[in-house]
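Enquirer:
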Amino acid sequence: MSKPGKGLISTSRTETQCITTMNLLMKAGKKADQGLVNAAKWHARNLWQEISDLAVIDCKNMNAGEIADFSAFLISLSHSIQALREQAATVGNNDLAASFANIHSNLESTIGLHMAAPNFAGIYNQMKGAS
Amino acid sequence: MAKPGKGIISTSRVEVLNITTMNLLMRNPDNPSRALLSAARRHAASLHGLISELSALIDPKKMDDGELSDLVAYLITLDALLDSLKEQAATIGSPELEFTYKDAGNALRSFVQGLKSVDLDFAGIYTGMVGTVE
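Going down the list, the protein sequences come from chains A and B.
Each residue of the first sequence is one higher than the last, beginning at 0 in numbering that gives the first Met the number 0.
Each residue of the second sequence is one higher than the last, beginning at 0 in numbering that gives the first Met the number 0.
Structure, rendered in structure tokens:
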């Protein structure tokens, strides 16, 4: 992997907390305790913030390998957030489902900002299979 | 996310190894791979060791409310995770792993109790997030 940059590292850490907590909530089902639900909300809040910070990553200073890493990270993250939203809906927590939907919108906006850089847009679109 | 501190970062990395390895063992719980079991024992011991070191790495008095909330959310998730890993260890029939995760959970809860007794700000945020009144 190329140098992922501080933004990706901190986002990945928070992502892991979200994934772990949502998996634990799924396992607990209706027996989930309030503490774990509140922890999930806090982790989701952090993820929203970390994704906002991704906007400051400067693709112009990245080589093709680094942009490919960044693109793959963003694609995985987008799918991961959608899965988290589905899990929140499955456990019947509308607040959390709305949070993850909001995080996904935030990510799409961030990707939209990076699309202004032609070197990013080319590699990202190719990886997504978009024309 | 606020600054989580070195302790949380290193623990989180080892957490992922424990989750991955235990999930792989759960794919064939009746005939677990010996190598995977050895790896799981190593990861579990590492996680236990890192949890035991948290008190030396984390000083809640230097944290603001946001950082304390991060710490509390992390501790709640980690506690539930250790319980889940312990259940997985029981499912694959490894009393040794089960004991390590149980002991790690006890160490974590002792750490939390210690923080609650020495730091009122931490105690308030922890109690608020857990949703219990003491």
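For every residue, glycine included, the Cβ atom is placed at its ideal position computed from N, Cα and C.
Just so you know, these numbers come straight off a predicted model, no measurement behind them.
#1: Which residues of chain A have a Cβ atom closer than 9 angstroms to the Cβ of residue 111 (chain B), listed in chain order?
#2: Using 7 angstroms as the limit for Cβ to Cβ distance, is residue 129 (chain B) near chain A?
#3: Can at least three beta-carbon pairs, one atom from the region 21-36 of chain A and one from the region 75-85 of chain B, be found at a separation below 8 angstroms?
#4: Leaving out five residues on either side along the sequence, give the residues of the same chain with a beta carbon under 8 angstroms from the beta carbon of residue 25 (chain A).
#5: Between residue 22 (chain B) and residue 42 (chain B), is the Cβ-Cβ spacing less than 7 angstroms?
#6: Looking only at its own chain, which residues have a Cβ that is under 6 angstroms from the Cβ of residue 98 (chain A), when we skip the five neighbours before and after it?
#7: Within the 7 angstroms Cβ cut-off, does residue 90 (chain B) reach chain A?
#8: I need the DSSP call for residue 34 (chain A), collapsed to helix, strand or coil.
#9: First and last residue of the alpha helix (DSSP H) that includes residue 53 (chain A)?
#10: How many whole angstroms separate the CB atoms of residue 18 (chain A) and residue 79 (chain A), which I take to be in contact at a CB cut-off of 8 angstroms?
#11: Give the secondary structure of residue 115 (chain A) by DSSP, where H, G and I count as helix, E and B as strand, and everything else as coil.
#12: Along chain B, which residues have their Cβ under 7 angstroms away from the Cβ of residue 109 (chain A)?
#13: Under the criterion of a Cβ to heavy atom distance below 6 angstroms, does residue 46 (chain A) qualify as lining the ligand SAM?
#14: Over the uninterrupted alpha helix (DSSP H) stretch that includes residue 91 (chain B), give me the two end residues.
#15: Closer than 7 angstroms by beta-carbon distance: list the chain A residues that pair up with residue 73 (chain B), in chain order.
#16: So which residues on chain B does residue 35 (chain A) lean against when the C-beta distance must stay under 8 angstroms?
#17: Using the rule of at least 16 other Cβ atoms within 10 Å of the residue's Cβ for burial, across every protein chain shown, is residue 5 (chain B) buried or exposed?
#18: With distances taken between CB atoms, is the gap from residue 53 (chain B) to residue 98 (chain B) smaller than 7 angstroms?
#19: Do residue 46 (chain A) and residue 13 (chain A) have their C-beta atoms closer together than 7 angstroms?
#20: Give the residues from the region 20-45 of chain A that approach chain B closer than 7 angstroms (Cβ to any Cβ), ordered along the chain.
#21: With contact counted as at least three CB pairs below 8 angstroms, one residue from each stretch, are the region 54-67 of chain B and the region 30-46 of chain B in contact?
Expert: Checking against the coordinates, here is how it stands:
#1: On the second sequence, position 112 is the one that residue 111 (chain B) refers to. From the beta-carbon of residue 111 (chain B), no residue of chain A is found nearer than 9 angstroms; the closest lies around 11 angstroms away.
#2: Looking up residue 129 (chain B) in the second sequence gives position 130. Answer yes: the Cβ-Cβ gap between residue 129 (chain B) and chain A drops below 7 angstroms somewhere.
#3: Flag = yes, the region 21-36 of chain A and the region 75-85 of chain B touch.
#4: Looking up residue 25 (chain A) in the first sequence gives position 26. Closer than 8 angstroms at the Cβ level, and outside the excluded window around residue 25 (chain A), lie 86, 89 and 90.
#5: Walking along the second sequence from the start, residue 22 (chain B) turns up at place 23. Walking along the second sequence from the start, residue 42 (chain B) turns up at place 43. Taking C-beta atoms as the reference points, residue 22 (chain B) and residue 42 (chain B) fail to come closer than 7 angstroms.
#6: Taking the first residue of the first sequence as 1, we reach residue 98 (chain A) at position 99. Same-chain partners within the cutoff: 43.
#7: Position 91 of the second sequence, counted from the start, is the residue given in the question as residue 90 (chain B). For residue 90 (chain B), no CB of chain A lies under 7 angstroms from its own CB, so it is not counted at the interface with that chain.
#8: Taking the first residue of the first sequence as 1, we reach residue 34 (chain A) at position 35. Helix at residue 34 (chain A).
#9: Along the first sequence, read from residue 1 onward, the residue named residue 53 (chain A) stands at position 54. For residue 53 (chain A), there is no enclosing alpha helix (DSSP H), as DSSP marks it with neither H nor E.
#10: As a working note, residue 18 (chain A) is residue 19 in the first sequence. As a working note, residue 79 (chain A) is residue 80 in the first sequence. Right, their Cβ atoms sit about 7 angstroms apart.
#11: Looking up residue 115 (chain A) in the first sequence gives position 116. Coil at residue 115 (chain A), not helix or strand.
#12: In the first sequence, residue 109 (chain A) corresponds to position 110, counting from 1. None at all; the shortest Cβ gap to chain B is about 16 angstroms.
#13: The model depicted lacks the ligand SAM and carries no ligand whatsoever.
#14: Your numbering for residue 91 (chain B) matches position 92 in the second sequence. Counting along the chain, residue 91 (chain B) sits inside no alpha helix (DSSP H), nor does DSSP assign it H or E at all.
#15: For the purposes of this step, residue 73 (chain B) is taken as the residue at position 74 of the second sequence. Ordered by position in chain A, the residues that pass the 7 angstroms Cβ test against residue 73 (chain B) are 16.
#16: Reading the first sequence from its first residue, position 36 is the one you call residue 35 (chain A). Ordered by position in chain B, the residues that pass the 8 angstroms Cβ test against residue 35 (chain A) are 75, 76 and 79.
#17: The residue you call residue 5 (chain B) lines up with position 6 of the second sequence. No answer about residue 5 (chain B) holds up, because its pLDDT of 48 lies below 50 and its placement is not dependable.
#18: Within the second sequence, residue 53 (chain B) is the residue found at index 54, counting from 1. Within the second sequence, residue 98 (chain B) is the residue found at index 99, counting from 1. Not in contact: residue 53 (chain B) and residue 98 (chain B) (Cβ atoms no closer than 7 angstroms).
#19: Indexing the first sequence from 1 puts residue 46 (chain A) at position 47. Indexing the first sequence from 1 puts residue 13 (chain A) at position 14. Yes. Within cutoff.
#20: If the cut-off is 7 angstroms between Cβ atoms, the region 20-45 of chain A has 20, 23, 26, 33, 34, 35, 37, 38, 41, 42 and 45 near chain B.
#21: Fewer than three beta-carbon pairs drawn from the region 54-67 of chain B and the region 30-46 of chain B are found closer than 8 angstroms, and the two stretches are therefore not classed as touching.
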